[in-house]
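Taken in order, these protein sequences are the chains called A and B.
Taking the numbering used here, the leading residue of the first sequence gets -7, the next gets one more, and so forth.
Taking the numbering used here, the leading residue of the second sequence gets 269, the next gets one more, and so forth.
Each residue gets a CB set at the ideal place from its N, CA and C atoms; glycine is no exception.
No experiment lies behind these values; they were computed from the predicted model shown.
A short worksheet on the structure shown next.
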Amino acid sequence: MNLTSERIGDCLIIRVGEPRIDAAVAIRFKDRMRDLTADAATRTVLDLSEVDFIDSSGLGAIVASMKQMPDGVSLDLSGLMPNVEKVFRLTRMDTVFTIHQSAESALQDRAC
Amino acid sequence: MTFPDRQISQRPVATNASVSLVSDPMEVRHALEELLDQLAPLHMADEELGSVELVVAEALNNIVEHAYLGRDDGRIELHWVLSGNGLHIRITDNGVPMPEGRIPLHPDQSPKDHAALVPEGGFGWFLIGGLAHNIVYRRDRGRNVLSFRLAVALD
Chain A
-7 MNLTSERIGD CLIIRVGEPR IDAAVAIRFK DRMRDLTADA ATRTVLDLSE VDFIDSSGLG
53 AIVASMKQMP DGVSLDLSGL MPNVEKVFRL TRMDTVFTIH QSAESALQDR AC
Chain B
269 MTFPDRQISQ RPVATNASVS LVSDPMEVRH ALEELLDQLA PLHMADEELG SVELVVAEAL
329 NNIVEHAYLG RDDGRIELHW VLSGNGLHIR ITDNGVPMPE GRIPLHPDQS PKDHAALVPE
389 GGFGWFLIGG LAHNIVYRRD RGRNVLSFRL AVALD
């Protein structure tokens, strides 16, 4: 599971370097997210711009990752491709997460 | 007399095919690739192919997780037919029946805006129900048969 993190100021950007977050990798994704966000800053952005497919297991793993964030740390999303955006829209999870167009615009939206 | 050129140009695109797999998440990935390869000559829009891939992924994942309870040697057969009102898909498996013999669709599955109330699972049938039509589940001679239609490749 290729996840890389980069701290920019007060912001932690986690980039998913995989084309799919599906049932085959959902548990590994969630575990890796727990490791990467254990000492997260005030804001964390999960950049999905390289992901072109997620299924409900992948969505569940992203939701679980949001719930397991340390106290006071939010998990935003960025770079949703059309198939990924559709899953968030159909399940109305797009109302639960703050979604930015890209990691770069997430950084600009609020100084961090 | 034969017209080789014409025969080639008029060869019909296959409008039905099958995919077989066993109940394993990586097999599901490969089966989806195979299905998309079979559908490629039909020139569907990317958005439509995305919906087909998503609904079939959800149906197959449900079978792997719930019908075969994580067993990795259960047989799954998928058959598709393209007709005038879309892509008809039938998926059969030899696993355990659905609970109470019906699809666990929850009409009141509205995600809440409070994070603590957001479910981590149960999105699968929600996605299938949101994208597919004529969803039918039946138990037939010890097998589960799920069929549905996707309104894609319409004229």
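When DSSP labels each residue in this structure, what does residue i get in the three-state scheme?
| i | result |
| --- | --- |
| alanine 56 of chain A | helix |
| phenylalanine 89 of chain A | coil |
| alanine 103 of chain A | Because alanine 103 of chain A sits at a pLDDT of 43, beneath the cut-off of 50, its placement in the model cannot be relied upon, and the following sentence gives the value as read from the coordinates. Coil. |
| threonine 83 of chain A | coil |
| glutamate -2 of chain A | strand |
| arginine 26 of chain A | helix |
| glycine 354 of chain B | strand |
| serine 97 of chain A | helix |
Leaving aside the five residues before and after residue i along the sequence, list all residues of the same chain whose C-beta is less than 7 Å from its C-beta, in chain order.
| i | result |
| --- | --- |
| arginine 24 of chain A | Met(-7), Leu(-5) |
| valine 420 of chain B | Met312, Glu316, Ser319, Val320, Gly354, Leu355 |
| tryptophan 348 of chain B | Asn284, Ala285, Leu355, His356, Ile357 |
| glycine 398 of chain B | none |
| lysine 22 of chain A | Ala53, Ala56, Ser57 |
What residues from chain A crowd round residue i, counting only those whose CB sits closer than 9 Å?
| i | result |
| --- | --- |
| phenylalanine 416 of chain B | Here the premise fails: no neighbours, minimum Cβ distance about 15 Å. |
| asparagine 329 of chain B | Asp14, Ala15, Asp47, Ser48, Ser49 |
Which chain A residues sit within Cβ distance under 8 Å of residue i?
| i | result |
| --- | --- |
| glutamate 326 of chain B | Asp47, Ser48 |
| arginine 297 of chain B | Arg12, Asp14, Ala16 |
For residue i, which residues from the same chain have a beta carbon less than 6 Å from its beta carbon, with the 5 sequence-adjacent residues on both sides left out?
| i | result |
| --- | --- |
| alanine 299 of chain B | Val287, Leu289 |
| alanine 285 of chain B | Gln306 |
| isoleucine 46 of chain A | Ile13, Val76, Val79 |
| leucine 328 of chain B | Val296 |
Measure the beta-carbon distance from residue i to residue j and round it to whole angstroms, keeping in mind my assumption that it falls under 8 Å.
| i | j | result |
| --- | --- | --- |
| arginine 26 of chain A | glutamine 60 of chain A | 6 Å |
| arginine 339 of chain B | valine 413 of chain B | In fact, because the Cβ distance is near 19 Å, the residues do not count as touching under 8 Å. |
| aspartate 360 of chain B | arginine 407 of chain B | The identity of residue 360 of chain B in the sequence shown is threonine, whereas the question assumes aspartate. In fact, because the Cβ distance is near 11 Å, the residues do not count as touching under 8 Å. |
Could you say which of the options lies nearest to residue i if we only look at CA atoms?
| i | options | result |
| --- | --- | --- |
| glycine 390 of chain B | A:Arg35, A:Thr36, A:Leu51 | A:Leu51 |
| isoleucine 403 of chain B | B:Ala282, B:Asp341, B:Val323, B:Ser415 | B:Ser415 |
| alanine 325 of chain B | B:Glu301, B:Arg409, B:Ala308 | B:Glu301 |
| arginine 142 of chain A | B:Phe394, B:Arg407, B:Leu418, B:Asp361 | Nothing in the structure corresponds to residue 142 of chain A, since chain A is present only between -7 and 104. |
| glycine 369 of chain B | B:Pro309, B:Pro293, B:Leu418, B:Ala335 | B:Ala335 |
| serine 48 of chain A | A:Ile5, A:Phe89, A:Ala15, A:Asp101 | A:Ala15 |
| glycine 9 of chain A | A:Arg81, A:Asp39, A:Asp63 | A:Asp39 |
| phenylalanine 89 of chain A | A:Pro62, A:Met58, A:Ala18 | A:Met58 |
| asparagine 244 of chain B | B:Val281, B:Ala400, B:Gly363 | Nothing about residue 244 of chain B can be reported from this structure: the residues present for chain B run from 269 to 423 only. |
| alanine 308 of chain B | B:Leu350, B:Leu346, B:Gly342 | B:Leu350 |
| leucine 67 of chain A | A:Val17, A:Pro11, A:Asp86 | A:Asp86 |
Residues in the same chain with beta-carbon distance under 8 Å from residue i, minus the five sequence neighbours each way, listed in chain order, please.
| i | result |
| --- | --- |
| valine 65 of chain A | Thr29, Ala32, Ala33, Thr34, Arg35, Thr36 |
| aspartate 2 of chain A | Ala33, Thr34, Arg35, Cys104 |
| alanine 95 of chain A | Ile5, Arg7, Val37, Asp39, Ser41, Ser70, Gly71 |
In chain B, what lies closer than 7 Å to residue i by C-beta?
| i | result |
| --- | --- |
| proline 74 of chain A | Glu315, Gly318 |
| leucine 40 of chain A | Correct list: empty, because the minimum Cβ distance to chain B is about 15 Å. |
| valine 65 of chain A | Residues of chain B passing the Cβ test: none, with the nearest at roughly 12 Å. |
Just the chain A side, please: which residues come within less than 7 Å of residue i by C-beta, in chain order?
| i | result |
| --- | --- |
| methionine 294 of chain B | Ala16 |
| glycine 398 of chain B | Leu82 |
Output, in chain order, the set of chain B residues within a Cβ distance shorter than 9 Å of residue i.
| i | result |
| --- | --- |
| valine 79 of chain A | Leu322, Phe391, Leu395 |
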